[in-house]
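Presented below is the structure to which this report refers.
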Amino acid sequence: MKGRRLRERLKAGCAAGLIAAVLFGGRSSWYPFVVNGAERTAERLQEFFPACFSWIYGWYYPVSKLEAKEKREGESGEHMNDWIRFSWNMLPLFRYGEYTEETRNKYKDPSYLSYRETIEFYSEYEGLLAMGGEDTMAESPASTNISKEASSQPAVAGKIYDRAQLADYDFLMKNFFSVHTSTTAGRDIMNAETLLNTNLQMEIKDEPQILIYHTHSQETFADYGPENQEATVVGIGDYLTKLLEEKGYQVIHDRSVYDLKDGNLDRSKAYTYALEGISGILQENPSIQVVLDVHRDGVKEGYHMVSQVNGKDTAPVMFFNGMSQTPTGPIEYLPNPYRTENLAFSFQMQLKAAADYPGFTRKIYLKGLRYNLHLRPRSALIEVGAQTNTYQEALNAMEPLAEVLDMVLQGK
0 MKGRRLRERL KAGCAAGLIA AVLFGGRSSW YPFVVNGAER TAERLQEFFP ACFSWIYGWY
60 YPVSKLEAKE KREGESGEHM NDWIRFSWNM LPLFRYGEYT EETRNKYKDP SYLSYRETIE
120 FYSEYEGLLA MGGEDTMAES PASTNISKEA SSQPAVAGKI YDRAQLADYD FLMKNFFSVH
180 TSTTAGRDIM NAETLLNTNL QMEIKDEPQI LIYHTHSQET FADYGPENQE ATVVGIGDYL
240 TKLLEEKGYQ VIHDRSVYDL KDGNLDRSKA YTYALEGISG ILQENPSIQV VLDVHRDGVK
300 EGYHMVSQVN GKDTAPVMFF NGMSQTPTGP IEYLPNPYRT ENLAFSFQMQ LKAAADYPGF
360 TRKIYLKGLR YNLHLRPRSA LIEVGAQTNT YQEALNAMEP LAEVLDMVLQ GK
């Protein structure tokens, strides 16, 4: 009797000691054992499950013996191995463990690497998002071709640049681009010859070819109010649509609201919501070749940008490009296969405006994120004036903008 009680107490003591070692002894006391055991178990599972999978697959989908052998030794086993590794790596023991760089390298925990990469992704994304809006806030007159003091002066004659000037990288960047600190634009990207030689012409057809939308539909102008509720970027989008349709283009103007969620302004996620909306439109209308996201800029109060274009007080426009790149390199999770075409589209419109409507455009603004410019080669984000401009000044800007767009698309 006493012997049995003693054995029970010894068992209980051993169990308590084991639990105490796990809880208080630190990961170093048990982690290597678990990892080594896990690796051996995973190896056995990786041999067993592919065989079962192949047998079940062959039973449901009979094929020749040769094809079955190829299937067992090929895709099935490979995919199943990947599935096993992924499932095993997602176990909480591995995924949320915290240990030193030295320990991580020693035991080669792939799930921890995945976990750290995820944390770094969100950390970088949040950092970019904090400075990722498209408003320039016009830090200084250097941010624009139009200063407050000179804005009311009559426009000078237009300027045509020759290719020799534009081939000079320093000349190109100084005269045509403003680069935000969130990105970089090196000589490998900003090549004037490439931008000029990119063919952006298209034939006008009897089908939707241009999409206009507004990621930030709630942006308004200085005279917006109860008696002038049209004074928004959506209102100027209506006018731009009308002008382009008069030239023969079929235009879809998406007036959807992407920056309100449950009645509250939510600019931080507007690009995500807009991506869903316009992707659906493009899927339903694959003939669309031009995508224009029309905004208005945000600047310091009292900073009024306006110039005379065709004898009218006109708000300037600014072509805006997302580079999908930080100073340290490309943003892998925000690829844009059409970045060169986007830059060429903005640059060619900028040159046409400089020649025919001097003073109408500000420098092309480059920033780090993507801004949904990856859906079509002829994509542009266009800032029309700012909150200090009147609605009429912004409307007046749509007339030269429609002309510049048509020049580039028709190769005039």
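Using numbering that gives the first Met the number 0, count along the sequence shown one by one with no gaps and you end on 411. Even for Gly, the Cβ is constructed at its ideal location relative to N, Cα and C. Small disclaimer: the values here were computed from a predicted structure and weren't measured.
Work out the CA separation of Leu259 and Asp169 for me, nearest whole Å.
41 Å
Leaving out five residues before and five after Ala191 in sequence, what residues of the same chain have Cβ atoms less than 6 Å from its Cβ?
Excluding sequence neighbours, Ala191 sits near Leu165, Ala166, Leu171.
Tell me Leu259's beta-bridge partners as DSSP assigns them.
Leu264
Hey, would you say Ala393 sits closer than 8 Å to Ile235, going by beta carbons?
yes
Start-end ranges of the beta strand (DSSP E) lying completely within the segment 228 to 309, minimum 3 residues:
249 to 252, 289 to 296, 306 to 308
Distance, Gln200 Cα to Gly425 Cα
Residue 425 lies beyond the residue range present for the chain, which begins at 0 and ends at 411; the question has no answer from this structure.
Taking just the CA atoms, how far does Leu342 sit from Leu368?
14 Å
Do the segment 360 to 378 and the segment 309 to 321 make contact, defined as three or more Cβ pairs closer than 8 Å?
Segments in contact, yes.
Opening and closing residue of the beta strand (DSSP E) in which Pro207 lies:
207 to 212
Taking the alpha-carbon positions, what's the Tyr270 to Ser255 distance?
13 Å
Output the residue ranges of the alpha helix (DSSP H) runs that lie fully inside the segment 317 to 365 and measure 4 residues or longer, sorted by chain position.
338 to 355
Buried or exposed, going by whether 16 or more other CB atoms sit within 10 Å of the CB of Gly384?
Its Cβ being crowded by 16 or more others within 10 Å, Gly384 is buried.
Per DSSP, cross-strand counterpart(s) of Gly224:
Asn227
Helix, strand or coil for Ala314, going by three-state DSSP, please let me know.
coil
Taking its Cβ as the centre, do 16 or more other Cβ atoms sit within 10 Å of Lys366, making it buried, or is it exposed?
Flag for Lys366 reads buried.
Just to confirm before moving on: does the CB-CB distance between Val250 and Arg377 stay below 8 Å?
no
N-terminal and C-terminal residue of the alpha helix (DSSP H) that Leu194 is part of:
191 to 196
CA-to-CA distance, Thr193 to Leu408, given in whole angstroms
In a straight line, the C-alpha of Leu408 is about 17 Å away from that of Thr193.
List the DSSP bridge partners of Glu382.
His294, Met317
Identify whether Arg377 lies in helix, strand or coil by the three-state DSSP scheme.
strand
CB contact flag (Asp161, Tyr212, <8 Å):
no
For Glu340, tell me which candidate among Met322, Tyr332, Ala401 has the shortest Cα-Cα distance.
Met322
I think His373 touches Pro336, with their Cβ atoms under 8 Å apart; what is that distance to the nearest whole Å?
Contact between His373 and Pro336 is confirmed by a C-beta separation of about 7 Å, below the 8 Å threshold.
Using 8 Å for Cβ pairs, my map puts Gly279 next to Tyr257. What's the rounded Cβ distance?
Rounded, the Cβ-Cβ distance is 12 Å, inconsistent with contact.
CA-to-CA distance, Leu274 to Leu281, given in whole angstroms
It is roughly 10 Å from the alpha-carbon of Leu281 to the alpha-carbon of Leu274.
Just to confirm, are Ser306 and Gly224 a CB contact at a threshold of 8 Å?
No.
Along the beta strand (DSSP E) that carries Ser177, what are the first and last residues, could you check?
Run containing Ser177: 176 to 178, per the beta strand (DSSP E) assignment.
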